[in-house]
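In this note's numbering, the protein residues as written are 44 to 780.
Even glycine gets a Cβ: it sits at the ideal position worked out from N, Cα and C.
The block underneath contains the structure these notes are about, expressed in structure tokens.
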């Protein structure tokens, strides 16, 4: 302990020794007794002060010893919470000034304990520790009998401070142990659950490093949990597209990016470490902490190889039947026996009858019969057909109104759990009806919902259907014989001939966009398809014209939507850039221009690397090499020179691939993380400062212990000197007597 500067404490020993030596060297006189008496009184006063200081030191040593033992008990993980409570109960009395008259009672969480001699008395100290409104610990110390008054009743203020320190440390320690126990139980329950479920489970952190893998996942991947832990998911979880054989992208990055549950594609296979292939179905979901922040991803998947193979086999068979049905050269369909509705038609039926599949499925078999044939049809349905039946003499109408004679072959089937019949149709219309069918075909063309023109090489219209005439506001008679240049402003005699020659030589596309003019002078956009047909020794030309006004409106709406998307990109707070493979800017968002204090013109065509801090350029280049490998994404951090100086930016880059799988550009989305970096640096600095303070406090405590030891040694030495001095005084008294 450091000296308090008292002259008595620092000089009394030396003074007494000098005075005694002086007395011994002088002759005895009448004043000797008085001098000896004065000397003895001073010695007694010194002895009392020395005893008080020794008692105070002993108390502080007891307190420090109690705290030290408490820390030892609580930091020893092998000691149970109940044992700690018992140790504290036995420890506290020894640290108080009257141990034999001291009783203790503890309340820590749900645990309670007390010394065998504890009872409530008028002489008690109580200390409580709370977290919020919850009581963590309560320690009561009682003197069993009255003791002399001190700072707080019979207790010293140091004992109050010691009790407060013990209570606080004890509550924090046991609270921490309780939380650790809850966490251990939670971890164990999670481990048991993961090991018990039948699905494979892999958990990763936000960087994709594996943190957990259950036995099913270990079996399917071929990795044991110890080897897999800490590895990147893609190193353990090798997935491919079953159809193309190309590597499949792991859902982890998408889960991290979107924060939503993500599933794999239907055709995904897992290749284990040993080369065994499994067809799997899986999903990835984010793992969030108590604050809702994503801390990782959990993948749940299962082996569906058998089910997948069965499904593929059934699918293959079904596809085979479907191909035979849909691509049969003869018309076929399936109809419902109760409603007579078409359920399924093949391409031949669609092509032969002129209806689309959607139109067929909105019709019944009555809709293709002449009205006068329907009673016969209904009677046949009422009587019921045989399992297999072949009949003749039916008449059908095509969509274009053409009446055909057909032969029907049918048999009973069940389709989509409904009784039905499968019908095969053979057109047996005699050649004598060829002329009639030609007229019907002409009728269909005239009333088709597309303009049909036949134009001579000089531009004269020699045929136009009804729809063509109606769409232009003319009659058919007015159009036939007129010039194409009247209704098609873009063409004249010169360029029309050149255009036709280009189509014939296939140097120009036979389908193009043009403009037609109505009789009233209004114009509208059209899509024209020109087809040349060789009929005997003559080359015929037919043009099919479609009004594309609505189509162009839709395209305009699409462009406006694209512009809106562009505005969304340009006005978001994050910075967005697009660069080519050389790092030259192809696009920069306004937010990027604002951050760097440059215009779009100043940036486009320039490379981004000069804006990156020299120390970060190499790591940036290395990170961007990962864009050339699946999953063609990379996240990186770098410093860049903005208009406000150097700033830390976090980038998420994705490569743009063409149809050949080559990178043609890179999209980067960045965010300013300067403040985050500063906060991380401040935390590191604070940690370093705390470590320094802990070292300093530890050193200071050690110095105080060393000082106590030195004082103790000095006290012992003084005791021996006092004893020698007393012996000399006694001898002197005997001599004087």
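- Taking C-beta atoms as the reference points, residue 526 and residue 502 count as a pair closer than 7 Å.
- Distance from the CA of residue 306 to the CA of residue 325, rounded to the nearest whole angstrom, comes to 6 Å.
- The residues 698, 706, in chain order, have a CB closer than 8 Å to that of residue 671 in the same chain once the five nearest residues on each side in sequence are set aside.
- Taking 4 residues as the minimum length, the alpha helix (DSSP H) runs contained wholly in the segment 610 to 664 are 633 to 639, 643 to 646, in order along the chain.
- By alpha-carbon distance to residue 154, the top candidate from 170, 180, 147 is 180.
- By the 16-neighbour rule on beta-carbons within 10 angstroms, residue 246 is buried.
- Within the same chain, Cβ atoms closer than 6 Å to the Cβ of residue 522 are found at 504, 507, 512, the five residues on either side in sequence being excluded.
- Taking C-beta atoms as the reference points, residue 681 and residue 702 fail to come closer than 7 Å.
- Looking only at 573, 546, 189, the smallest Cα-Cα distance to residue 165 is reached by 189.
- By a beta-carbon distance limit of 8 Å, residue 386 does not contact residue 272. Their separation comes to about 56 Å.
- Bridge pairing for residue 275: 252 [DSSP].
- With distances taken between CA atoms, residue 399 lies nearest to 441 out of 634, 372, 589, 441.
- Contact check for residue 494 and residue 443: beta-carbon distance about 17 Å, past the 8 Å limit, so the pair fails to qualify.
- For the 7 Å CB-CB criterion, residue 694 and residue 679 form a contact.
- The alpha-carbon separation between residue 761 and residue 747 amounts to approximately 21 Å.
- Bridge partners of residue 421 according to DSSP: none are assigned.
- Of all alpha-carbon atoms in 619, 209, 381, the one lying nearest the alpha-carbon of residue 457 is that of 381.
- Taking C-beta separations shorter than 6 Å and ignoring five residues to either side along the sequence, residue 657 has no partners in its chain.
- Between residue 378 and residue 408, the C-beta gap is smaller than 7 Å, which places the two residues in contact.
- The same chain holds no residue with a CB closer than 6 Å to that of residue 724 once the five nearest residues on each side in sequence are set aside.
- Here DSSP, grouped into helix, strand and coil, assigns residue 334 to coil.
- By the neighbour-count criterion, in which a residue is buried when 16 or more other Cβ atoms sit within 10 angstroms of its Cβ, residue 376 is buried.
- Excluding five sequence positions before and after residue 530, the CB atoms of its chain that fall closer than 7 Å to its own CB belong to 515, 559, 560, given in chain order.
- When rounded, the separation of the alpha-carbon atoms in residue 434 and residue 414 is 19 Å.
- A contact is defined here as three or more CB-CB pairs under 8 Å, and the segment 246 to 262 fails this definition with respect to the segment 208 to 217.
- Here DSSP, grouped into helix, strand and coil, assigns residue 392 to helix.
- When beta bridges are read from the DSSP output, residue 451 appears opposite 434, 468.
- Collapsing the DSSP output to three states places residue 538 in a helix.
- Residue 345 has its alpha-carbon roughly 11 Å from the corresponding atom of residue 311.
- Exposed is the label assigned to residue 222, since fewer than 16 other Cβ atoms lie within 10 Å of its Cβ.
- Exclusion of the five residues before and after residue 528 leaves 502, 534, 535, 536, 539 as the residues of its chain whose Cβ lies within less than 8 Å of its Cβ.
- As the crow flies, the alpha-carbon of residue 667 is around 19 Å from that of residue 293.
- In the DSSP assignment, residue 522 falls within the alpha helix (DSSP H) that extends over 519 to 522.
- Residue 472 sits close to residue 448, with the two beta carbons spaced by under 7 Å.
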